[in-house]
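**Student:** Residue numbers (mature numbering (1 follows the signal peptide of the UniProt record, and there is no 0)): -22 to -1, 1 to 302.
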């Protein structure tokens, strides 16, 4: 064999050896990367209840060995209440993550319309069945499962009667485009009527309509009921100011809504709900089938009173109690 032949042969052997080393290195890297679970988070909009659920979710994961930057990577996105953002972000998250958390019904619905084989955990969803997220509570039947934030509306109405015993007319404020809100209105209205109240409903489509809608209601009612509505929740500070101006108390759907301007609720603790969702997520990441992993209802529901609002409204809340 001449010198050129020997050179080509040696070069080929070296090249093959290099390729083998690269292949091994690539295989090792893939193995290392596969040990890190990519978790995407899609939050519908910014307000205290949804943020509390997210923080609870992240904290529970970390406390169970799934700390961001170590065993998992977190990709948090906020759609800021915009439908176009939901669509775009959903597509990105589904393509880049192993598991996704959807916070609030619109976020879960957006991901459900895109994801086919990526498990999606949802939280802060009132009625996952009517929102077409699952087939049933016990057996979701697809790639979605998680937690509902449904609080006992009958208990909230019971507390309303104790706090405002002379109330005759109750207003309901809700967002017409949020299915989670519609479900609660459909439940609350007949319960209020059964309790003897005249009911006035006012639907809004965005935050710009809240002030006029609330003002109109408060001129005609003795109390206002607001469900766990994302759009309404983001404007609770303003609603609280109107509540004081018109001396009309607001029964909130969640503890955070009460803190921001409501009077009271018997509602879901969203930080605890996020933690509850994380426990389901861990089971999914460790091999559980989402289709057979039951949706869960809140484990932590509390009587929550805004004492500052109560004092300013002249309402005595010292004897409030919830029947069993």
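Even for Gly, the Cβ is constructed at its ideal location relative to N, Cα and C.
With respect to the alpha helix (DSSP H) encompassing residue 193, which residues constitute its N-terminal and C-terminal limits?
**Tutor:** 188 to 196
**Student:** Please report how far the alpha carbon of residue 80 lies from the alpha carbon of residue 204, in whole angstroms.
**Tutor:** 23 angstroms
**Student:** Rounded to whole angstroms, what is the Cα-Cα separation between residue 43 and residue 259?
**Tutor:** 13 angstroms
**Student:** Look at the alpha carbon of residue 111 and the alpha carbon of residue 85, and state the distance between them as a whole number of angstroms.
**Tutor:** 11 angstroms
**Student:** If you pair each beta-carbon of the region 247 to 267 with each one of the region 213 to 225, do three or more pairs fall below 8 angstroms?
**Tutor:** no
**Student:** In this structure, how does DSSP classify residue 3 when only helix, strand and coil are distinguished?
**Tutor:** Bear in mind that the predicted position of residue 3 carries a pLDDT of just 38, short of 50, making it unreliable; the figure below should be weighed with that in mind. Looking at residue 3 - three-state DSSP - the assignment turns out to be helix.
**Student:** Please classify residue 94: is it buried, with 16 or more other beta-carbons within 10 angstroms of its beta-carbon, or exposed?
**Tutor:** Here residue 94 is exposed, its C-beta having fewer than 16 other C-beta atoms within 10 Å.
**Student:** Using the C-alpha atoms, what's the distance from residue 75 back to residue 279?
**Tutor:** 32 angstroms
**Student:** Closest by CA to residue 246, which one among 64, 54, 265 and 31?
**Tutor:** 31
**Student:** For the region 259 to 269 against the region 91 to 109, are there 3 or more C-beta pairs whose distance is under 8 angstroms?
**Tutor:** yes
**Student:** Where residue 202 and residue 229 are concerned, what is the direct C-alpha to C-alpha distance, given to the nearest angstrom?
**Tutor:** 6 angstroms
**Student:** In its own chain, which residues sit with a C-beta less than 6 angstroms from the C-beta of residue 50, not counting the 5 before and 5 after it?
**Tutor:** 15, 17 and 44
**Student:** Tell me, please, whether the region 143 to 154 touches the region 179 to 190 by the rule of three or more beta-carbon pairs shorter than 8 angstroms.
**Tutor:** yes
**Student:** Got a sec? Which residues, its chain only, sit under 6 angstroms from residue 9 by beta carbon, not counting five neighbours each side?
**Tutor:** For residue 9, the predicted structure reports a pLDDT of 31, less than 50, and the residue's modelled location is therefore unreliable. A value from the coordinates is still provided. Excluding positions up to five away in sequence, the list is empty.
**Student:** Just to check, is the beta-carbon of residue 134 closer than 6 angstroms to a non-hydrogen atom of the ligand MG?
**Tutor:** Judged by which ligands are present, the structure shown has none, so any question about the ligand MG falls away.
**Student:** What are the partner residues of residue 21, as DSSP defines its beta bridges?
**Tutor:** In the DSSP output, where bridge partners are listed per residue, residue 21 has 56 and 81.
**Student:** Per DSSP, which one or two residues make a beta bridge with residue 336?
**Tutor:** Beyond the ends of the chain as shown, which are -22 and 302, falls residue 336; an answer cannot be given.
**Student:** Identify, in the order they occur along the chain, each residue of the same chain with its Cβ nearer than 6 angstroms to the Cβ of residue 313, setting aside the five sequence neighbours on each side.
**Tutor:** Since the first residue shown for the chain is -22 and the last is 302, residue 313 is missing from the structure and cannot be characterised.
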